[in-house]
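>
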Amino acid sequence: MGNIKSHLKHKRPSIKKIPEFDQIESDKERNEKLIDYYLSTSIDSIDRLHIYHFLRAYIFQSSFSSPVEDKLIEGGCKVLDVGCGAATWLLDLSNKYENSYFYGVDIKPIYPQEIKPNNLEFIEADVTNRLSFHDNEFDFTHLENMSFVFTPDQWDFILSELVRVTKPGGYIEISDRRNGYIGEGPIFRKLTDAIWSTYSKRNIDVKLVYKLDSKFELQPNIGKVHRIEKDLIIGPNGDKIGLVFQDLTFSYHKSELSIMVLSEEMGISEEEYKNMVENLVEEFKQTSTESVHVRFWTQKQLSE
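According to full-length UniProt numbering, the sequence shown is numbered sequentially starting from 1.
Put into C-alpha cells, the structure is as follows:
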C-alpha cells in the first residue's frame, strides 16, 4: 500500500463522535468463539480483508464505481465507510485523495489505531444503532462485505441510515458478492452449503444480494440504482487472480474457528473437514468455479 502520508496541512471538519459500544459478553466460551467466527479479528482474517480489497479493485478496475472521483480530487469531499473493518478501502482512498475527508465506523476496532493519514478518522460504534451523524452530512457513503452480517430488519434500518446521512446529490455505494457459485465441484458445494446454513440459523438472508437493489429502491429520495457485476474463476483456471482467490478461500477454511464451526455444522470430525479442504486443491484444477462480485450505487435526490 506504500507509506502512509500524514503531513496534510488542512484541518479536518468537526464531526460528532459516537459513544463507545459496549460489546455483548457471552457467559459461555462457545458463544464467544461463535461471535469471533462471525466477527473475526485474527491476523489471518485481517490479512484476507486487505488482499480481498485489492482483488476487488482489480476486477472492477477501481475502488469504487460511483462518479465521485472529480469531487474527491477537488477536495472537501466527506466520505463515510460504514462497517469499515480493517479499513483497507479507507486507507487506500484517504492516502490517494489527500484533500478530502474520510470517516470509518465499525463495532470492532481492527482498523489502525496510530498510523493513518490526518484526513482519516475512525469511530467505534454499533452500526445497527442510529448513526450519530447529522442528516445530509456526507458526499459519499460506502458499505461493503456486510450482506452476511445483518438480518433483513437490520438491513432496512441501515439502508435508511445511509440515505439519511448522505447529502442530496451525494452518492451511496454497496459492494458485496453473491452467496452462490457457478460450476462448483461437490467438495466446494458441501463446504459452502455449511456456511450458508450457519448464516441462516442467525436469521441472515443469504440471498439478499440478489434483491438488494430492489430494497434500495424502496428508500425515499433515491434515484436509479445501478448494478455492476464482475466474475472470476477460482483456482488455476482463473489465472493469477483465480489463484489469489483460491488462497483466500483456503485461508478462510483452514482457520481454527472455521474448522470448529463448519465441521460441527456438517456433522463430521475436524480431521475429515481438514481432508476435504486439502482435496479442494485438486478439485479447483478440474473445475471453473465462478464467483460473482457486485456493486450497487445510486445518487440521493432532493426531497420532494
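Beta carbons: idealized from backbone N, C-alpha and C, even for Gly.
What is the residue span of the beta strand (DSSP E) that residue 362 lies within?
Any property of residue 362 remains undetermined from this structure, which presents the chain solely from 1 to 304.
> Taking C-beta to C-beta, are F148 and I107 nearer than 7 Å?
Counting from 1 along the sequence shown, the entry for residue 148 is found at position 148. Counting from 1 along the sequence shown, the entry for residue 107 is found at position 107. Not in contact: F148 and I107 (Cβ atoms no closer than 7 Å).
> With DSSP run on the structure shown, which of helix, strand or coil describes G169?
Numbered from its first residue, the sequence shown carries residue 169 at position 169. DSSP places G169 in strand when its eight states are reduced to three.
> What residue from L248, V261, L218 and S251 has the CA that sits closest to I195's CA?
Residue 195 sits at position 195 when you count from the first residue of the sequence shown. Considering only alpha carbons, the answer is V261.
> Can you say whether K201 is buried or exposed, counting buried as having 16 or more other CB atoms within 10 angstroms of its CB?
Sequence index remark: in the sequence shown, residue 201 carries index 201 (1-based). Its Cβ having fewer than 16 others within 10 Å, K201 is exposed.
> Give a yes or no on whether the C-beta atoms belonging to S63 and W297 are separated by under 7 Å.
Position 63 of the sequence shown holds residue 63. Position 297 of the sequence shown holds residue 297. No, the pair does not count as a contact, with Cβ atoms beyond the cut-off.
> Does L49 pass the burial test, meaning 16 or more other C-beta atoms within 10 Å, or should it be called exposed?
Residue 49 sits at position 49 when you count from the first residue of the sequence shown. Classification of L49: buried, given that the 10 Å Cβ count is 16 or more.
> Apart from the five residues on each side of it in sequence, which residues of its chain come closer than 6 Å, Cβ to Cβ, to Q299?
Walking along the sequence shown from the start, residue 299 turns up at place 299. So the list reads Y171 and G223, once near-sequence residues are dropped.
> Would you decide whether E137 is buried or exposed? Buried here means 16 or more other CB atoms lie within 10 Å of its CB.
In the sequence shown, residue 137 corresponds to position 137, counting from 1. With 16 or more other Cβ atoms from the protein chains shown falling within 10 Å of its own Cβ, E137 counts as buried.
> Based on the DSSP secondary-structure assignment, which residues constitute the bridge partners of F188?
Taking the sequence shown and counting its residues from 1, the one referred to as residue 188 is at position 188. The partner list for F188 (beta bridge, DSSP) is empty, contrary to what the question assumes.
> Report yes if the C-beta distance between Q154 and T192 is below 7 Å; otherwise report no.
The sequence position of residue 154 within the sequence shown is 154, counting from 1. The sequence position of residue 192 within the sequence shown is 192, counting from 1. No. Outside cutoff.
> So, are the CB atoms of L90 and G104 less than 7 Å apart?
Position 90 of the sequence shown holds residue 90. Position 104 of the sequence shown holds residue 104. Cβ atoms of L90 and G104: closer than 7 Å.
> Drop a sphere of 10 angstroms on the beta-carbon of F54, count the other beta-carbons inside from all chains shown, and report buried for 16 or more, exposed for fewer.
Sequence index remark: in the sequence shown, residue 54 carries index 54 (1-based). With fewer than 16 other Cβ atoms within 10 Å, it is exposed.
> Report the start-end ranges of each beta strand (DSSP E) in the stretch 73-116 that is 3 residues or longer and not cut off at the edges.
78-82 and 101-106
> Locate the alpha helix (DSSP H) running through V281, then write down its first and last residues.
Position 281 of the sequence shown, counted from the start, is the residue given in the question as residue 281. If you look at V281, you'll find it in the alpha helix (DSSP H) that goes E270 to Q286.
> Residues in its own chain within less than 7 Å of Y52 by CB, not counting five upstream and five downstream?
Here residue 52 is taken as the residue at index 52 of the sequence shown, counted from 1. If we look at Y52 and ignore the five residues flanking it on each side, its Cβ neighbours are L248.
> Count the CB pairs spanning the stretch 206-222 and the stretch 265-278 that are closer than 8 Å, and state whether there are at least three.
no
> Report the rounded CA-to-CA distance for I35 versus T198, giving the unit in angstroms.
Residue mapping note: residue 35 aligns to position 35 of the sequence shown, counting from 1. Residue mapping note: residue 198 aligns to position 198 of the sequence shown, counting from 1. Because I35 carries a pLDDT of 41, less than 50, the predicted location of this residue cannot be relied on, and the following value inherits that uncertainty. Cα-Cα distance, rounded: 12 Å.
> Which runs of the alpha helix (DSSP H), 4 residues or longer, sit entirely within the stretch 175-226?
Qualifying alpha helix (DSSP H) stretches, in chain order: 186-200 and 212-217.
> Quick check: what's the CA-CA separation for K190 versus S269?
On the sequence shown, position 190 is the one that residue 190 refers to. On the sequence shown, position 269 is the one that residue 269 refers to. Rounded to the nearest angstrom, the two C-alpha atoms are 14 Å apart.
> Which class does D126 belong to by DSSP, given the choice of helix, strand or coil?
Here residue 126 refers to the residue found at position 126 when the sequence shown is read from its first residue. Residue state, collapsed to three classes: coil.
> What would DSSP say about I51, mapped onto helix, strand or coil?
Taking the first residue of the sequence shown as position 1, residue 51 is located at position 51. Helix at I51.
> Could you name the residues of the same chain whose beta carbon sits closer than 6 Å to that of F60, not counting the 5 residues immediately before and after it, in chain order?
Along the sequence shown, read from residue 1 onward, the residue named residue 60 stands at position 60. Once the five neighbours on either side are set aside, the close Cβ partners of F60 are K230.
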